[in-house]
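Here is the structure we will look at.
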Ligand code: XLS
Ligand code: NI
Ligand code: NI
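Here it is, written out as structure tokens:
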């Protein structure tokens with residue numbers, strides 16, 4: 035068994051003046067903010083795939099990360115070695131949660147039943163780890179997009195056998211997630227979409243996805259899983275047209291297939307940007323339609339048009355998203371999963387720590403700013419005042435017709451006068467809360 039992180043100490047909060055790069059400057063897990071500790075509010079998670087599985091490849095070159103568990107050898111032993119190192123990482127970082135795909139934790143077998151046995155072996159190992167650790171599982175998910183069987187989609191595949199394989203995989207992974215005390219179950223439709231309409235029957239594929247997700251919801255109730263079912267929207271990549279494009283698109287889909295009470299959303303920053311929305315737009319939309327669930331926290335690169343999954347490091351950019359989340363009470367069973375990877379030149383064990391420390395500090399610092407913003411109240415007041423005339427015009431939303439309004443406009447000589455939207459004033463106000 036390897037000890038990849040042996041030279042890294044346990045990361046402690048040392049305050050903003052510390053010059054130790056292996057310390058938290060803002061993430062003081064026990065600091066009280068808006069009635070709870072930072073740790074309880076932020077519910078941050080390390081993701082298994084980017085942090086322990088990703089080898090650092092890009093379209094022009096392969097592996098740059100030389101992790102001991104990626105070397106050749108017995109695959110199950112390697113999975114156990116990876117698990118040991120992962121838990122050492124979680125504990126040294128003091129992270130409360132982690133997330134995984136089924137295929138991240140264990141290798142696939144030759145058949146579905148063999149894969150299921152291998153999964154069980156590693157799930158039992160994880161279960162033992164959880165008994166003695168403070169770390170918990172935020173969510174699990176099935177990878178229905180990497181294997182070549184899924185190249186034309188999983189639930190939306192033209193081949194019903196692929197649909198069945200995917201369904202069996204989700205059943206297995208949801209049950210394993212529940213067994214490990216997972217607090218949510220995520221479905222990202224990796225290849226649920228299409229490259230060209232030339233070979234695609236869109237209505238058929240949407241109906242398959244609707245059926246699939248109905249079975250997932252049914253199974254959740256059958257096994258008594260209490261966590262949230264979450265769909266993660268993404269507009270493109272890997273397919274050109276993803277069926278779960280953005281929050282609004284997923285909401286329409288859920289309503290059509292009678293699922294709007296069964297699923298909530300896992301919203302990812304970088305996916306919002308790829309959909310040409312802001313992160314706060316996606317969150318505000320989900321909250322206003324009661325489908326907000328959880329967050330994949332990361333950041334894109336505004337100069338490139340794909341999912342670069344970088345660690346968040348920009349407080350200003352996160353203030354509004356966090357404001358929406360935390361002025362509405364914060365997370366229930368969701369949290370902030372760092373769906374982010376280090377750059378391929380960051381090849382050392384400490385690079386993984388720098389990335390997560392920076393991200394946790396950024397989120398802590400943002401929440402501290404948001405607490406000020408909420409307590410100050412002037413932003414909320416501005417919004418309230420902007421819409422306050424509606425309180426005395428309720429009949430416009432209820433009883434009046436176009437004819438009534440037409441008469442009213444003439445009788446009262448209504449002649450609206452434009453008012454400033456105050457964008458720059460508001461931008462300055464928001465910035466004033468960032469320390
Ligand atoms: C990919 C997605 C993926 C999901 C989990 O872009 O973000 O990582 O979060 O399948
Ligand atoms: Ni994600
Ligand atoms: Ni992503």
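Residue numbers (this note's numbering): 35 to 469. Here a beta-carbon is modelled for each residue, glycine too, at the ideal position from N, C-alpha and C.
Residue 202, enclosing alpha helix (DSSP H) - first and last residue: For residue 202, the uninterrupted alpha helix (DSSP H) run begins and ends at 194-213, by DSSP.
Whether residue 401 touches residue 117 by CB criterion (8 Å): 8 Å or more divides the Cβ of residue 401 from the Cβ of residue 117.
Beta carbon of residue 243 nearer than 8 Å to that of residue 297: no
7 Å CB neighbourhood of residue 356 in its chain, flanking five on each side removed: 400, 401 and 404
Residue 466 in three-state terms, based on DSSP: Of the three classes helix, strand and coil, the one that applies to residue 466 here is helix, per DSSP.
Through-space distance from residue 178 to residue 201, alpha-carbon basis: 10 Å
Span separating the alpha-carbon of residue 458 from that of residue 308: 26 Å
Inter-residue spacing [alpha-carbon to alpha-carbon] between residue 152 and residue 195: 22 Å
Any heavy atom of ligand 2 within less than 5 Å of residue CB: hits in chain order: 302, 330 and 373
Cβ neighbour criterion (16 or more within 10 Å) applied to residue 333: buried
Any 3 or more C-beta pairs closer than 8 Å across the stretch 40-48 and the stretch 324-331: no
Near ligand 1: residue 340 beta-carbon under 7 Å from a heavy atom: no
Host beta strand (DSSP E) of residue 79 (start-end): It spans 78-81 - the beta strand (DSSP E) in which residue 79 sits, taken as one unbroken run.
Range of the contiguous beta strand (DSSP E) that encloses residue 372: Segment 370-372, the beta strand (DSSP E) holding residue 372.
Supposed contact pair residue 135 and residue 188 - C-beta distance, whole angstroms, cut 8 Å: The pair is not a contact, with the Cβ atoms about 13 Å apart (cut-off 8 Å).
C-beta contact flag for residue 283 and residue 267 at 8 Å: Yes.
Residue 338 - DSSP class collapsed to helix/strand/coil: Coil, per DSSP.
Cβ-Cβ separation, residue 76 to residue 397 (assumed contact under 8 Å), whole Å: At roughly 5 Å, the Cβ-Cβ gap stays under 8 Å, so residue 397 and residue 76 are in contact.
Near ligand 5: residue 268 beta-carbon under 7 Å from a heavy atom: Of the ligands one can find in the structure shown, namely ligand 1, ligand 2 and ligand 3, none is ligand 5.
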